[in-house]
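Here is the structure we will look at.
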Amino acid sequence: MGIAPGIERHAKVNRPAVRVPAERLLQVAARLRDDPAFAFDLLLDHAAVDRHAENRFELFYHLFSTAHGHALTLTALVPRDAPVAPTVSCIWPAARWHEREAYDLMGILYDEHPDLRRLFLEDDWQGFPLRKDYRDPDMLELPGRP
Amino acid sequence: MTVTVKTLNDIIAPPGAAASALATEEYFINMGPQHPIAHGSLRLVVRLDGETVREVIPVPGYVHRGLEKMAEHLSWRQIIHLTDRMDYLSALMNNWAVARTIEQAAGLATNPRIETIRTLMAELQRLQSHVLWWGVLGMDLGAFTPFLYGFREREVIGEIFEETIGARLTMNYIQPGGLMDDIHPDFVRKTKQVLAYLKPKIDEYDTLLSGNVILQERLRNIGVLPAARAIALGCTGPVLRASGVPYDLRKCEPYGVYAQADFDVPVGAKGDCWDRYCVRIEEMRQSIRIVEQLIDGIPDGPHATVKFGARIKVPEGIHYGQIETARGILGVTIAADGKSDAPYRLRLRSPNFSNLWAVTELARGWRIADIIAIQSTLDLVVPDIDR
Amino acid sequence: MAGAAAPFALFAAAQAAPAWPVKTVAARAAEALPDHPWTAVLYMALAFAGLGALVAVLGMGLIYLERKIAARFQCRLGPMRVGPHGIFQTVADTFKLLFKEDIVPARADKTLHLLAPFLALSSTALMLGVIPYSPILQISDVNIGVLYIAAVSGLGVMGILLGGWSSYNKWSLIGAMRGAAQIISYEVSATLALLVVVMFAGTLSLSGIVASQAEGWWIWRAPVVGGIAFLIYLTASTAEINRTPFDIPEGESELTAGFHTEYSGLRFAFFFLAEFINMFVAAALTATLFLGGWMPFHIGGANAFNAVMDLVPPGVWFLGKTAFVVFVIMWFRWTFPRLRVDQLMRLEWKLLLPIGFANLALGALAVLYDLYFFPGA
Chain W
1 MGIAPGIERH AKVNRPAVRV PAERLLQVAA RLRDDPAFAF DLLLDHAAVD RHAENRFELF
61 YHLFSTAHGH ALTLTALVPR DAPVAPTVSC IWPAARWHER EAYDLMGILY DEHPDLRRLF
121 LEDDWQGFPL RKDYRDPDML ELPGRP
Chain A
1001 MTVTVKTLND IIAPPGAAAS ALATEEYFIN MGPQHPIAHG SLRLVVRLDG ETVREVIPVP
1061 GYVHRGLEKM AEHLSWRQII HLTDRMDYLS ALMNNWAVAR TIEQAAGLAT NPRIETIRTL
1121 MAELQRLQSH VLWWGVLGMD LGAFTPFLYG FREREVIGEI FEETIGARLT MNYIQPGGLM
1181 DDIHPDFVRK TKQVLAYLKP KIDEYDTLLS GNVILQERLR NIGVLPAARA IALGCTGPVL
1241 RASGVPYDLR KCEPYGVYAQ ADFDVPVGAK GDCWDRYCVR IEEMRQSIRI VEQLIDGIPD
1301 GPHATVKFGA RIKVPEGIHY GQIETARGIL GVTIAADGKS DAPYRLRLRS PNFSNLWAVT
1361 ELARGWRIAD IIAIQSTLDL VVPDIDR
Chain F
2001 MAGAAAPFAL FAAAQAAPAW PVKTVAARAA EALPDHPWTA VLYMALAFAG LGALVAVLGM
2061 GLIYLERKIA ARFQCRLGPM RVGPHGIFQT VADTFKLLFK EDIVPARADK TLHLLAPFLA
2121 LSSTALMLGV IPYSPILQIS DVNIGVLYIA AVSGLGVMGI LLGGWSSYNK WSLIGAMRGA
2181 AQIISYEVSA TLALLVVVMF AGTLSLSGIV ASQAEGWWIW RAPVVGGIAF LIYLTASTAE
2241 INRTPFDIPE GESELTAGFH TEYSGLRFAF FFLAEFINMF VAAALTATLF LGGWMPFHIG
2301 GANAFNAVMD LVPPGVWFLG KTAFVVFVIM WFRWTFPRLR VDQLMRLEWK LLLPIGFANL
2361 ALGALAVLYD LYFFPGA
């Protein structure tokens, strides 16, 4: 199977998965949706994982094709100090709100997003709660955990 | 590269002065978080021109409890009970979704008895959820009586759950590698009794509400969601099926013992509110069919394959699992680090979250009252949106 | 007092030897006025006290009934705790409402906010004064009773409009605007239906209309036309009193509570009371115009049958018919969903109004050519 350069299989996902460089995400996403052989028209889920130790975020996109019935997980890594990723909301409108949630809770910035706002938290909230290093004055530390 | 972040105030900036004394002015109004249609505490900021809806801006977050963050500090077994509190009308299916993902990730095997009971419980709960939805829809459209009819039937099913599970709402019943407890000895008899009671009730629903000309006027051709748009917006469950896409995980990727049951997946023709209504009514009948087929053949065996004290080891990686709840696909993504006893990151893709945003497209150009009809047929449960 | 006497004099002249002698309280007062002025004053005081008591008793009774009937429809018991079968529940609720804090929004127009519930209730109470409850029980028989009813019932919309406007709340305002549009629209159809009966009866006086049904109620005596007018009037008056399926001014799932969102305590109770009295008035008028009011069920010429029917006193006939219409209106509420605002308008302007006009024309022909039962009577 010819996988384009820069795109690699992601073996640690329990379904077909590829890892894509963040800057090529948009291009790959467009192909995945428009190429009739892929036809991934349904974006089931999108969120980010904070790979704190590796100093980066892992974004994942769970795709499904209603035409073929096949599934794919797309992942991309963005650096923690500049967590900017292209928006795929122009390809899958459903991403618009998943991306807002990822911004709200994880602090991923989506370039060209039409409506990037906090989703659940107030507009003046400080910090991004799902990050591993997030600390809140009201948080209690569990004994024996970092 | 700079990315600008907006706030709600930027969007709802007051409109400029009216051009002339006769010009009409658009205005914003808050529907919720304290409003009868909020069904909990969903806030819709609605831009109106008189009675006509120009724009709907959902502002969720009033029931945000940070379940995903909480889960990072709880063990595999403890996160089950958090899921009860998402879509509380599909608590058992939520339990199942997480438990199943953990089982797949950790390689835990179950037995046919466990799977059959899970399927039965899930279908009973789907039935219960739809029954309540029907009642609430009636109330939303101004007919109060269906609400109490819906609750009457919901109670009857609730009693089955209570006998076996001990809870009526937050079940915490389906565990990784089994069930919290075995079914009550009276379960089979009682379930059959309830089914016999419910079947004529669904027909009664049709005579009370479905055939009503006002209801049909309120639902037909309102909020049409074409199939392509439904898919693009990430809608799942009855909302997607009403648009004509027969995507039901119970049929497409059977889990539990759905493969053994013979049932149909109802789909709509054009995706208006009426189609969504009919699909759910038909799903109730199909759920009854599934339960009827399975109730007599519950295999013998233990109700759990894993001891409750046993440590569950989930290998490193991203594990995704999904289940069809009463409202659509609940996707569970577990990022495990292979070392700790808790998920490194738990991501819950709730069906209501994606279904909610359909309201922004569907309500535009309709009246205030149509927001109610649209939202009611989308069947939103707000804690599931906010998590 | 003399003014009140004049209409009666006119009516008495028109009906030379009435089979059912009608004696209103106003007429009694007018009779007593030349000789015993204080008796006349007492009569009128009695009438006002009676009206007040009627409003209170009707309000409580109807609310209790509504709750019990709703409970029946919904397979539950309804109020059961306060008194036997909960009959004192409404009394308890009234006391609760009396003692509740009366909250006025900070930016509300205080005067109008205060005035609105009274306007709503008073327009309703004014209508109670002309309804013929029985031949001997009617406060005043205005010779233009039908016109009076049409005029005063339109006044109720002022209460709704002012209440919504003065509350400084967008939901209230939307509700008030809906209410105004709806009530004014349906007024047209209601009046058209009224006119059919007026034509057949040949009088605008309400007791005259009742007396004209001595040979049979207009709902069947005027073939088809009467029935259609009855249905139009019932629909339009249900809309005028803002009850389901036409309760869009207060549709709670859309507008929280519509025009009375910002009302609490006693002022809310006034709106609430007005709604229930309105229902009674609508039912009583429907009964008076189409179902003969207090007139027993008569078939022209069937004297033996009519004599048997006369055994039941007229007051009971009136109450029975009104209760039946009230029940039908409650039945609507507990089975029907609510219409949308534009559907409501469509129903009025595109359906009821043309039918009403056609019906009126047909009615005119029927009157002209005596095409109804027992025209000679």
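Chains as they are written, first to last, in this note's numbering: chain W, 1 to 146; chain A, 1001 to 1387; chain F, 2001 to 2377.
Yeah, the Cβ is synthetic: ideal placement off N, Cα and C, and Gly gets one too.
Burial is judged here by how many other beta carbons sit within 10 angstroms of a residue's own beta carbon; A:Thr-1207 has fewer than 16 and is exposed. Rounded to whole angstroms, the gap between the alpha carbons of F:Ile-2219 and F:Thr-2288 is 11 Å. In this structure, the beta-carbon distance from A:Glu-1361 to A:Arg-1218 does not fall below 8 Å.
Residues of chain A whose Cβ lies closer than 8 Å to the Cβ of W:His-62 are, in chain order, Tyr-1320, Gly-1331, Thr-1333 and Arg-1349. Across the set A:Pro-1112, A:Ala-1099 and A:Tyr-1088, the C-alpha of A:Tyr-1088 shows the shortest separation from the C-alpha of A:Gly-1158. It is roughly 25 Å from the alpha-carbon of W:Pro-114 to the alpha-carbon of A:Leu-1380. By the Cβ-count criterion, F:Val-2157 is buried, with 16 or more other Cβ atoms from all chains shown falling within 10 Å of its own Cβ.
Around the beta-carbon of W:Tyr-61, 16 or more other beta-carbon atoms lie within 10 Å, marking it buried. Residue contact with chain A for W:Asn-55: absent (no Cβ-Cβ distance below 8 Å to any residue of chain A). In the displayed model, W:Ala-76 falls within a strand according to three-state DSSP. In this structure, F:Tyr-2133 is the residue among F:Phe-2088, F:Leu-2119, F:Gly-2059 and F:Tyr-2133 with its C-alpha nearest to the C-alpha of F:Pro-2296. As the crow flies, the alpha-carbon of A:Thr-1110 is around 11 Å from that of A:Thr-1116.
Ranked by Cα distance from A:Ala-1091, the options A:Ile-1174, A:Gly-1107 and A:Gln-1034 are led by A:Ile-1174.
With a minimum length of 4 residues, the unbroken runs of alpha helix (DSSP H) contained wholly in the region 2063 to 2134 of chain F fall at 2089 to 2099 and 2110 to 2128. Taking 9 Å as the upper bound on Cβ-Cβ separation, chain A lies near residues Pro-93, Ala-94, Ala-95, Arg-96, Trp-97, His-98, Glu-101, Tyr-103, Asp-104, Leu-105, Leu-109, Tyr-110, Asp-111, Glu-112, His-113, Asp-115, Leu-116, Arg-117, Arg-118, Leu-119, Phe-120 and Leu-121 of the region 93 to 121 of chain W.
A straight-line Cα-Cα distance of about 38 Å links F:Val-2316 and A:Tyr-1205. Interface residue (Cβ-Cβ distance to chain W less than 8 Å): A:Gly-1061 is classified as such. Interface annotation, A:Thr-1207: not in contact with chain F, CB-CB separation never under 8 Å. The Cβ-Cβ distance between F:Gly-2265 and F:Asp-2035 does not fall below 8 Å. Residues of chain A whose Cβ lies closer than 8 Å to the Cβ of F:Phe-2336 are, in chain order, Gly-1142, Ala-1143, Asn-1212 and Ile-1214. Among the bridge pairs identified by DSSP, A:His-1319 is matched with A:Ile-1334. A distance below 6 Å between beta-carbons, with the five flanking residues on each side excluded, links W:Pro-79 to the following residues of its chain, in chain order: Arg-56. If you ignore the 5 residues before and after F:Phe-2270, its C-beta comes within less than 8 Å of the C-beta of Pro-2117, Phe-2118, Ala-2120 and Leu-2121, all in its own chain and listed in chain order. W:Arg-15 reaches chain A at Tyr-1320, counting residues in chain order whose Cβ is nearer than 8 Å. Legend: CB atoms of the region 1265 to 1289 of chain A lying less than 9 Å from CB atoms of chain W are not found in any residue. Secondary structure note for F:Phe-2200: its alpha helix (DSSP H) is the uninterrupted segment 2170 to 2201. Counting only residues of its own chain and dropping the five nearest sequence neighbours on each side, F:Met-2080 has a CB closer than 8 Å to the CB of Gly-2086.
With respect to F:Arg-2338, F:Gly-2251 sits close: the two C-beta atoms are nearer than 8 Å. Following the DSSP letters along the chain, one finds W:Asp-45 in no alpha helix (DSSP H) but inside the beta strand (DSSP E) bounded by residues 42 to 51.
At a cut-off of 8 Å between beta-carbon atoms, F:Pro-2079 makes no contact with chain A. Only those residues of the region 1092 to 1120 of chain A whose C-beta falls short of 9 Å from the nearest C-beta of chain F would be listed, and there are none.
Here the C-alpha atom of A:Arg-1113 lies approximately 15 Å from the C-alpha atom of A:Arg-1100. For W:Ala-102, the closest alpha carbon among the candidates W:Ala-85, W:Ile-91, W:Arg-24 and W:Ala-67 is that of W:Ala-85. Looking at the backbone, the Cα of F:Leu-2360 and that of A:Thr-1236 are separated by about 54 Å. Neighbours of A:Pro-1036 in chain F, taken as residues at a C-beta separation under 7 Å, are given in chain order as Glu-2252, Ser-2253 and Thr-2256. Along the region 2226 to 2249 of chain F, the positions whose C-beta sits under 9 Å from a C-beta of chain A are Thr-2244, Pro-2245, Asp-2247 and Ile-2248, read in chain order.
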